[in-house]
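Taken in order, these protein sequences are the chains called A and B.
Be aware that the first sequence starts at 0, since it is given in numbering that gives the first Met the number 0, and climbs by one per residue.
Be aware that the second sequence starts at 0, since it is given in numbering that gives the first Met the number 0, and climbs by one per residue.
We put the beta carbon where it would ideally sit given N, CA and C, even for glycine.
The structure appears below as structure tokens.
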Amino acid sequence: MSTDSPEKIIDRSAKLVFSFFISSAGLWLLIAALFAYLAAAKLTDPFFLSTCEYLTYGKIKVSQANAFVYGWGGNSIFAVSIWILARLSQAEVRGSIFLVFAGFIWNIAITFGVLGILDGHMSGHEMLEMPTEVWPAMLISYLIITFLILVVHRSRQIRETIAPQWFILAALLWFPALFLIAWNGMELNPARGTLQTVLSMWYGQSLIWLWLTPIALGAAYYLIPAILGRTIDKYYLAIFGFWCIAALAPWSVVHHLEGGPVPMWIPAIGTVMSIAMVFPIAVASTNFHATAFMDIGKVWSSLPLRFVIFGTLSYTVSSYIGVVFSLPAVAKITQFTIINEFHFNQRVYGFFSMIIFGAVYYALPQITNREIPKSAKSFHFWTSTFGVLLLLLAYLIGGLTHGVLAGQPSLPWSSSVIQSIQPYFIITKVAFVILAFSQLVFVVNVWRVIFPNPVECLNNLKKEASV
Amino acid sequence: MNNLAKFIAGIFMTLGIAWLAFVVGARGQYGDLAPTSSVLEEDGSIPADADLYPIALSGVAQQGAKEYASLGCVTCHTQQVRRVETGFDVERGWGLRPSAPRDYVLQEHVLLGNSRIGPDLANLGLREYSEEWLHQHLFEPQSLIPSSLCPPSPFLYDSVDEPASSDLSISGEDPEVVRHIRPTIRAKRLVAYLQSLKQDYELPEVSFIEKEVEEGDQEVVAEVIDTDDSSKAPQWLQDQIDHGKEVYMKAATGGGMCFTCHQTNGEGIAGQFPPLAGSDWVLGNKERLIKISMYGLMGEIEVNGVKYNNVMAPPGIPPGSLTDEQIANVLTYIRNDWGNSASAVSPEEVATVRASLKGRAPMQMFTSAELSSPVQ
Numbered sequence: 000m001s002t003d004s005p006e007k008i009i010d011r012s013a014k015l016v017f018s019f020f021i022s023s024a025g026l027w028l029l030i031a032a033l034f035a036y037l038a039a040a041k042l043t044d045p046f047f048l049s050t051c052e053y054l055t056y057g058k059i060k061v062s063q064a065n066a067f068v069y070g071w072g073g074n075s076i077f078a079v080s081i082w083i084l085a086r087l088s089q090a091e092v093r094g095s096i097f098l099v100f101a102g103f104i105w106n107i108a109i110t111f112g113v114l115g116i117l118d119g120h121m122s123g124h125e126m127l128e129m130p131t132e133v134w135p136a137m138l139i140s141y142l143i144i145t146f147l148i149l150v151v152h153r154s155r156q157i158r159e160t161i162a163p164q165w166f167i168l169a170a171l172l173w174f175p176a177l178f179l180i181a182w183n184g185m186e187l188n189p190a191r192g193t194l195q196t197v198l199s200m201w202y203g204q205s206l207i208w209l210w211l212t213p214i215a216l217g218a219a220y221y222l223i224p225a226i227l228g229r230t231i232d233k234y235y236l237a238i239f240g241f242w243c244i245a246a247l248a249p250w251s252v253v254h255h256l257e258g259g260p261v262p263m264w265i266p267a268i269g270t271v272m273s274i275a276m277v278f279p280i281a282v283a284s285t286n287f288h289a290t291a292f293m294d295i296g297k298v299w300s301s302l303p304l305r306f307v308i309f310g311t312l313s314y315t316v317s318s319y320i321g322v323v324f325s326l327p328a329v330a331k332i333t334q335f336t337i338i339n340e341f342h343f344n345q346r347v348y349g350f351f352s353m354i355i356f357g358a359v360y361y362a363l364p365q366i367t368n369r370e371i372p373k374s375a376k377s378f379h380f381w382t383s384t385f386g387v388l389l390l391l392l393a394y395l396i397g398g399l400t401h402g403v404l405a406g407q408p409s410l411p412w413s414s415s416v417i418q419s420i421q422p423y424f425i426i427t428k429v430a431f432v433i434l435a436f437s438q439l440v441f442v443v444n445v446w447r448v449i450f451p452n453p454v455e456c457l458n459n460l461k462k463e464a465s466v
Numbered sequence: 000m001n002n003l004a005k006f007i008a009g010i011f012m013t014l015g016i017a018w019l020a021f022v023v024g025a026r027g028q029y030g031d032l033a034p035t036s037s038v039l040e041e042d043g044s045i046p047a048d049a050d051l052y053p054i055a056l057s058g059v060a061q062q063g064a065k066e067y068a069s070l071g072c073v074t075c076h077t078q079q080v081r082r083v084e085t086g087f088d089v090e091r092g093w094g095l096r097p098s099a100p101r102d103y104v105l106q107e108h109v110l111l112g113n114s115r116i117g118p119d120l121a122n123l124g125l126r127e128y129s130e131e132w133l134h135q136h137l138f139e140p141q142s143l144i145p146s147s148l149c150p151p152s153p154f155l156y157d158s159v160d161e162p163a164s165s166d167l168s169i170s171g172e173d174p175e176v177v178r179h180i181r182p183t184i185r186a187k188r189l190v191a192y193l194q195s196l197k198q199d200y201e202l203p204e205v206s207f208i209e210k211e212v213e214e215g216d217q218e219v220v221a222e223v224i225d226t227d228d229s230s231k232a233p234q235w236l237q238d239q240i241d242h243g244k245e246v247y248m249k250a251a252t253g254g255g256m257c258f259t260c261h262q263t264n265g266e267g268i269a270g271q272f273p274p275l276a277g278s279d280w281v282l283g284n285k286e287r288l289i290k291i292s293m294y295g296l297m298g299e300i301e302v303n304g305v306k307y308n309n310v311m312a313p314p315g316i317p318p319g320s321l322t323d324e325q326i327a328n329v330l331t332y333i334r335n336d337w338g339n340s341a342s343a344v345s346p347e348e349v350a351t352v353r354a355s356l357k358g359r360a361p362m363q364m365f366t367s368a369e370l371s372s373p374v375q
């Protein structure tokens with residue numbers, strides 16, 4: 000015991016929690032992949048499973064988004080945050096049993112939430128579709144987990160904090176604030192008319208910008224220097240980037256309401272702030288890419304880092320595209336088209352998930368002392384990359400076609416406009432099959448390391464229980 | 000940054016300012032909007048006996064709104080007509096005017112939506128779809144619009160073997176196979192809700208968008224018709240043409256509303272609605288015209304060598320309601336205006352065709368293939 004390095008001790012304390020959260024996250028990822036395939040298949044053949052009321056296109060699509068963001072996103076955020084903050088604090092994870100218990104509640108709440116959606120109890124407000132009955136359980140379990148993560152951070156050995164800590168802590172704390180605001184405005188003290196839409200739009204988009212995004216950025220700020228063994232280039236900019244995101248992102252997200260029945264200042268502010276977002280985007284991509292390109296060979300040879308750099312590149316590209324699409328002249332064409340799907344998938348898959356994959360591949364072998372075969376990781380990387388690029392390209396080109404044709408009032412809607420984007424739906428179906436396969440490989444990789452031998456694992460548990 | 004309390008205060012402050020604007024501020028600005036009249040008095044008060052808009056949904060429509068939300072219709076359908084400078088919605092005929100925040104104040108759950116794989120539904124109730132059409136569309140959209148991606152909802156209907164008069168008959172591509180369905184209470188609620196979707200009133204803050212081009216067209220047409228030297232036509236023919244024109248132009252109960260698609264000048268809209276002026280269909284076989292006037296037409300057709308693929312619901316308000324005489328008049332009119340000149344259609348001819356189609360389910364639109372096959 001005494002010979003173990005401090006890192007080993009920390010890793011051991013995080014093992015149970017990390018394994019629990021990341022294996023649950025994997026299950027949610029597979030569930031989301033199944034939903035994504037079903038939804039894409041229904042768009043190419045409307046009669047597919049049409050007699051089953053639980054599986055209408057609308058329900059499946061929404062379930063997929065919720066399973067992906069809260070199930071995969073939530074669980075993987077817990078896993079990665081705990082481990083990175085414990086490492087940076089040089090403090091052990093305590094209260095593992097409470098963390099796992101709260102994690103169970105979180106997962107059960109989302110399970111019931113998704114089942115509730117399929118059973119027809121959805122509200123129809125973006126990212127708030129799960130029945131309100133599960134909201135308290137989600138919030139309470141989330142607060143328990145966040146509290147215990149904060150305890151780890153508070154017991155840190157070095158008082159100075161660095162960029163990964165800011166991003167991860169801020170994201171962890173922003174979520175409950177956003178959730179409470181949405182809960183208040185939707186349920187406890189419901190807003191009237193289109194105020195509901197302003198609120199749900201603000202919440203749904205902020206969830207991506209203030210929860211998923213900072214976690215992934217924080218993980219990248221941690222992983223790139225850790226793997227490359229060099230400091231972040233122009234690190235002094237990071238603090239500027241952080242506060243820019245904190246100050247601008249919550250304003251920029253409402254530009255999607257352009258032209259709608261809301262006061263005009265709301266989308267106008269959103270557009271201005273979206274354009275201002277070029278500063279934090281530039282900071283993050285300078286920090287990441289200037290550092291990574293100093294040693295590009297190492298980036299390529301380290302699979303975790305390859306995932307992370309794919310994610311950061313994707314972040315840069317998608318964010319700049321997001322800025323362009325928020326300009327009123329462009330938004331006039333792209334608004335309400337399947338470009339929305341491009342944005343969502345680019346953010347949650349091309350950026351967030353890819354960085355999480357990298358973080359897991361980096362952390363898991365250290366935590367469990369077992370290596371994941373390089374070929375398996377590599378296979379996962381290439382199928383993911385190919386699947387994501389295919390998916391995004393289809394949504395991007397399809398979305399532009401959709402927008403341009405929709406803008407010509409003489410073209411009939413379904414026989415002309417929608418018919419023309421049908422081929423892109425077929426491509427997305429193929430892409431989702433590839434991605435589902437790739438995600439299965441990821442989950443198998445993770446589970447094989449966590450549960451190398453299920454029978455032995457059970458026996459060990461029994462022994463531990465009897466002791 | 001190193002003091003956790005200060006850090007937390009900082010990140011909540013940045014979030015809090017946005018919250019103050021979008022949640023608290025917006026609520027303060029228009030959280031208390033209430034129904035009002037279309038026109039206000041000069042002092043800004045509501046006239047004493049004015050109707051107030053928006054109107055609350057009926058109970059059954061409110062139930063339907065819940066079905067709409069629970070089935071996830073909002074995933075593909077928006078319910079908002081954008082301002083003219085930010086979108087094509089009014090041009091596309093999805094509304095008479097842009098939607099305003101006030102339109103939504105009486106709705107329990109506001110489902111504006113942000114994706115349009117299906118068309119906007121903010122004014123679906125204005126589009127003169129009959130209850131039967133909407134039911135058939137919910138049951139199987141592809142039986143009405145073959146290219147539709149809208150998922151069928153057969154679980155909202157009971158299929159029945161012995162149809163009652165209120166049941167619907169649906170035939171697919173094979174006209175021999177007719178299915179009889181009975182809407183469940185949920186389907187009825189949903190249809191009531193869909194029919195209630197209309198922003199057909201003006202508000203002090205927003206008025207109807209005038210379609211200037213179309214009005215211009217109407218005037219020109221009126222002039223042409225006025226100066227037409229129609230005295231050569233015998234009186235009975237002139238009467239038929241005049242009555243037919245009324246049917247053609249009338250967009251209220253008992254009318255044909257033909258001009259909304261084929262335009263007042265009979266030119267149709269390129270790529271979308273075929274022209275009647277100089278059309279080989281209009282000047283040709285009368286029986287075919289009569290059939291279309293009773294049952295509508297769907298699928299691909301070729302008019303003067305140009306292909307069209309659209310749906311013509313059975314003409315009339317409500318659809319399929321034109322009488323033999325009205326059909327005879329309106330067909331005579333379209334065969335004798337805009338430079339067309341062809342023989343008149345008599346009510347007796349219409350009656351004969353109607354008798355020959357006895358047993359055909361109401362609202363069952365014809366297809367081009369069906370019409371071109373030899374008449375039994």
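- Boundaries of the beta strand (DSSP E) harbouring residue 177 of chain B: 177-182, taken from the DSSP string.
- In the structure shown, the three-state DSSP call for residue 35 of chain B is strand.
- Residues of the stretch 20-35 of chain B whose Cβ lies closer than 7 Å to any Cβ of chain A, in chain order: 21, 22, 25, 26, 28, 29, 30 and 32.
- Non-local beta-carbon contacts of residue 46 of chain B in its own chain, meaning distances under 8 Å to residues more than five positions away in sequence, involve 36, 38, 39 and 40 in chain order.
- For residue 281 of chain B, DSSP records no beta bridge to any residue.
- Counting C-beta pairs closer than 8 Å gives three or more between the stretch 193-204 of chain A and the stretch 100-110 of chain B, which meets the contact rule.
- For the stretch 173-200 of chain A, the beta-carbon criterion of a distance under 8 Å to any beta-carbon of chain B is satisfied by 173, 176, 177, 180, 184, 190, 191, 192, 193, 194, 195, 196, 197, 198 and 200.
- Under the criterion of beta carbons closer than 8 Å, residue 352 of chain A and residue 311 of chain A do not qualify as touching, at roughly 13 Å.
- Annotation for residue 146 of chain B: no beta strand (DSSP E) segment contains it, and DSSP assigns it neither H nor E.
- DSSP assignment within the stretch 11-78 of chain A yields the following whole alpha helix (DSSP H) runs of 4 residues or more, N-terminal first: 56-65.
- In the three-state reduction of the DSSP assignment, residue 419 of chain A falls in the helix class, which pools H, G and I.
- Chain B places no beta carbon closer than 8 Å to that of residue 166 of chain A, leaving this residue out of the contacts.
- The residue among A/287, A/333, A/82 and A/399 with its C-alpha nearest the C-alpha of residue 232 of chain A is A/287.
- By the Cβ neighbour-count rule, residue 25 of chain A is buried, with 16 or more other Cβ atoms within 10 Å of its own.
- According to the DSSP assignment, residue 300 of chain B belongs to the beta strand (DSSP E) that extends over 296-302.
- At least one C-beta of chain A is nearer than 8 Å to the C-beta of residue 309 of chain B.
- Closer than 9 Å at the C-beta level to chain A, one finds these residues of the stretch 96-111 of chain B: 97, 98, 99, 100, 101, 102, 103, 104, 105, 106, 107, 108, 109, 110 and 111.
- Look at residue 70 of chain B: its C-beta is under 8 Å from a C-beta on chain A.
- Nearest in C-alpha terms to residue 398 of chain A, of all of A/343, A/451, A/350 and A/441, is A/343.
- The C-alpha of residue 372 of chain A is placed about 44 Å away from the C-alpha of residue 70 of chain B.
- Here DSSP, grouped into helix, strand and coil, assigns residue 366 of chain B to strand.
- Residue 153 of chain A counts as exposed, since fewer than 16 other C-beta atoms from the protein chains shown sit within 10 angstroms of its C-beta.
- Contacts with chain B at 8 Å (Cβ-Cβ) include residue 327 of chain A.
- At least 8 Å separates the CB of residue 207 of chain B from every CB of chain A.
- In the three-state scheme derived from DSSP, where H, G and I count as helix and E and B as strand, residue 459 of chain A is classed as helix.
- Closer than 8 Å at the C-beta level to chain A, one finds no residue of the stretch 349-367 of chain B.
- Looking only at A/149, A/297, A/107 and A/116, the smallest Cα-Cα distance to residue 137 of chain A is reached by A/107.
- For residue 86 of chain A, the closest Cβ of chain B is not nearer than 8 Å.
- The Cβ neighbour count for residue 314 of chain B, taken over all protein chains shown within 10 Å, is at least 16; the residue is labelled buried.
- Counting along the chain, no alpha helix (DSSP H) covers residue 311 of chain B; the unbroken beta strand (DSSP E) around it starts and ends at 305-311.
- Here the alpha carbons of residue 27 of chain B and residue 294 of chain A stand approximately 54 Å from one another.
- Rounded to the nearest angstrom, the gap between the Cα atoms of residue 49 of chain A and residue 153 of chain B is 8 Å.
- In its own chain, leaving out the 5 sequence neighbours on each side, no residue places its CB closer than 6 Å to the CB of residue 283 of chain B.
- Assignment of alpha helix (DSSP H) within the stretch 293-364 of chain A, counting only whole runs of 4 or more residues, yields 295-300, 302-325, 327-333 and 338-344 in chain order.
- Residue pairing by DSSP places residue 268 of chain B opposite B/272 in a beta bridge.
- Chain-ordered, the chain B residues with CB closer than 8 Å to the CB of residue 60 of chain A read 71 and 74.
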